[in-house]
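Trainee: Just dropping this structure here.
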Amino acid sequence: KKALGEALSQIERQFGKGAVMKMGDQPREAIPAVSTGSLGLDVALGIGGLPYGRIVEIYGPESSGKTTLTLQVIAEAQKQGKTCAFVDAEHALDPVYAEKLGVNVDELLVSQPDTG
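Quick note on numbering: UniProt numbering labels position 73 of the sequence shown as 73, and the sequence is numbered without any gaps.
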């Protein structure tokens, strides 16, 4: 215990007070989230969906539902008045399908990079 105290003191001297904190000392703030459109997934994610204000990468093999999941989240966010962007790395975005999932394609920002 003494060694831990000394180590923490050294870290605070080097990096300043508050460089190391106990998580229990800080109030926990709710993380605002947008629903994925799937109750089971929202529960599994622990915060009710995907966090707002963060970059989220949806990764998986071809035809595994990445685009469908993403479009469902976009539709949910747009219902809340949010502005959404879709980076279509696969050049596979179908606006007709997106509309069927509830996406307002007229308001959707889209980028289709050639590399990346």
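Glycine included, every Cβ here is placed at the ideal spot set by N, Cα and C.
No experiment lies behind these values; they were computed from the predicted model shown.
Would E76 be called buried (16 or more neighbouring beta carbons within 10 Å of its own) or exposed?
Mentor: buried
Trainee: What whole-angstrom Cβ distance do V20 and E29 have, given they're in contact under 8 Å?
Mentor: Rounded, the Cβ-Cβ distance is 20 Å, inconsistent with contact.
Trainee: Where do the N-terminal and C-terminal ends of the beta strand (DSSP E) with A77 fall, by residue?
Mentor: No beta strand (DSSP E) holds A77; the alpha helix (DSSP H) holding it covers 66-79.
Trainee: Using DSSP bridges, identify the partner residues of P51.
Mentor: A33
Trainee: Kindly confirm or deny that the stretch 95-106 and the stretch 64-82 touch, where touching means at least three C-beta pairs closer than 8 Å.
Mentor: Touching, yes, given that three or more Cβ pairs across the two stretches are closer than 8 Å.
Trainee: What does A85 pair with, by DSSP beta-bridge criteria?
Mentor: L109
Trainee: Helix, strand or coil, according to DSSP, for L39 in the structure here?
Mentor: Note: L39 maps to helix in three-state DSSP.
Trainee: Excluding the 5 residues preceding and the 5 following T70 in the sequence, name in chain order all residues of the same chain whose CB lies nearer than 8 Å to its CB.
Mentor: I58, F86
Trainee: Use the C-beta contact count for L50: other C-beta atoms within 10 angstroms, 16 or more gives buried, fewer gives exposed.
Mentor: Buried, since its Cβ has 16 or more Cβ neighbours within 10 Å.
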